[in-house]
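Report on one structure; see the data block that follows.
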Amino acid sequence: MAKTHVRRSVALLVLAASLLTVAGCDMVKQGAKCRNGAAPGRDATHVLFCQGGKWKRVMTIGQAADFIMSTWPSKVELLEGGGQTTGVGEAFGQVVVRVTRKDGQPVKGADVVFKGPDSGAGLAAPSGLIATDANGVARFTPVANSQLGGYGVSATVNGGTSPHVVFGLNNGAAPASSIVVVSGAGQSATAGTQFAPVGVKAVDRFGNVVQ
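Given below as structure tokens:
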């Protein structure tokens, strides 16, 4: 039953979209003869289906538009995971978002993409498509790239009006992995005299300075 409902909803969405763009549907006349199994048609005001060998009005074009608006995702909200800090190259805690329709009901099977900036501090990679569950929830575990700094991440739903939400993450320095000499190496001095100061710095595995 659920699969049948989904297929019917998708079919109506495709039909309504084609009608509203005045493409993909032939102009037909209410009551005229038709071949069973024919693609849906339209007149000036309605969507028509071939039923019992005749064209029958099923919904107005306005109703088709309302159907689209009420069925497509219209809102994405962040439930948890924003504002985190982790070391470069490390995983953040899980980020959770919820996708809902115009009437507030959850959207199952919506494709969500999590994406950070294209350069500088950001994610190691976009999430790819993550489908929402029966509660309209999508979960993603981001991984920091090698650059230090804070940035915004968008969670965007593909299709419909492409609703999205933006939240912040921060890439901090990872634990120190090595010590690098920055000044004073290679000195010579007379016995009993002091060398000039030697400077070193602690860096993580990406070369970022660890304070």
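Take the sequence shown: its letter number 125 is residue 113 in the numbering used here, and every next letter is one higher.
Glycine included, C-beta positions come from ideal geometry on N, C-alpha and C.
Remark: fewer than three beta-carbon pairs, one from each stretch, lie closer than 8 Å, so the stretch 120 to 133 and the stretch 163 to 177 are not flagged as touching. For F80 against A132, the beta-carbon gap comes to about 7 Å, under 8 Å, which counts as contact. From the listed residues V87, Y139 and V154, the smallest Cα separation to A126 is found for V87. Between M15 and G25, the alpha-carbon positions lie close to 16 Å from each other. The residue among P61, L111 and Q93 with its C-alpha nearest the C-alpha of H152 is P61.
Residue pairing of R30 in beta bridges, as defined by DSSP: M15 and V35. A direct Cα-Cα distance of roughly 9 Å separates L111 from V76.
Taking the CA atoms as reference points, R30 sits about 47 Å from Q82. DSSP, reduced to helix, strand and coil, places Q72 within a strand of the structure shown. Judged by DSSP in its simplified three-state form, G187 adopts strand.
Looking from the CA of K103, the closest CA among A113, T74, D91 and V84 belongs to A113. Contact check for V145 and A98: beta-carbon distance about 5 Å, within the 8 Å limit, so the pair qualifies. Beta-bridge annotation (DSSP): G137 is paired with N159. Taking 7 Å as the cut-off, the Cβ atoms of Y139 and A109 count as close. Between P130 and the set C22, L157 and A27, the nearest pair of CA atoms involves L157. Following the DSSP letters along the chain, one finds F102 inside the beta strand (DSSP E) bounded by residues D99 to K103. The beta strand (DSSP E) runs of length 3 or more contained entirely in the stretch 111 to 135 are, from start to end of the chain, 125 to 128. Classified as exposed, D106 has fewer than 16 neighbouring CB atoms from the shown chains inside 10 Å of its CB. The distance from the Cβ of F155 to that of G70 is about 3 Å, consistent with a contact at the 8 Å cut-off.
Nearest neighbour of K17 by Cα position, chosen from W43, A27 and Q39, turns out to be W43.
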